[in-house]
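This report refers to the structure that appears directly beneath it.
Residue numbers (the working numbering): 1 to 139.
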C-alpha cells in the first residue's frame, strides 16, 4: 500500500477538476449521529478519526502518509467488494483541529472508481454531546 501511495503522489484531484455545476450535480449525502458525551469521548473520537477508524475492518483498510493525516497527504484505501480487493487513492485537502472539534476532508484522485469529496468530523455540541458527521459529494 505504501508503494501505491508513492505512485499517486503527483495524481490530480478529479473533484478539483469539476466545474461548479458538475459538483452540484453529484450525489450529496450528509449524515450525523451522537456517539458520546463529554471531553473524554471527544478525545477518543478525535483519535479514532485520525487513524481512519471510520473505515471498518475487515472489508477495508486505510492508511495515509502521516498519522494524524496532514493536508496534502495521499491516502490509500484497500477495499474488498464483489469478491476481490481494490486500491483507491485520495488526497487530504483540509484538516481542522480545535479544542471542540476535528475534521478531515479528502478528494478522489485520478484512477479512483468515483469522483468526489468526503468530510469526516467529530465535535462537541452545545449540550456537550459528541457528534460524528459525514458529508460527501460523489458520483
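Positions of the beta carbon are idealized from the N, C-alpha and C atoms, including for glycine.
Here the structure is a predicted model, which means the values were calculated and not measured.
Beta-carbon spacing of residue i, residue j below 8 Å
i           : j           : result
residue 11  : residue 114 : no
residue 46  : residue 133 : no
residue 119 : residue 105 : yes
residue 56  : residue 92  : no
residue 139 : residue 44  : no
Reference residue i, options the options, closest by Cα
i           : options            : result
residue 18  : 125, 130, 122, 116 : 116
residue 135 : 26, 15, 21, 30     : 30
residue 38  : 23, 131, 137       : 131
residue 35  : 7, 54, 27          : 54
residue 5   : 62, 81, 82         : 62
Outcome for residue i when other beta-carbon atoms lying within 10 angstroms are tallied against a minimum of 16
i           : result
residue 107 : buried
residue 58  : exposed
residue 97  : exposed
residue 84  : exposed
residue 125 : exposed
residue 49  : buried
residue 137 : buried
Counterpart residues of residue i in DSSP-defined beta bridges
i           : result
residue 131 : 34, 123
residue 97  : 102
residue 74  : 91
Beta-carbon separation (whole angstroms), residue i vs residue j, contact threshold 8 Å
i          : j           : result
residue 42 : residue 122 : 7 Å
residue 90 : residue 112 : 7 Å
residue 74 : residue 65  : 6 Å
residue 60 : residue 79  : 5 Å
residue 51 : residue 67  : 6 Å
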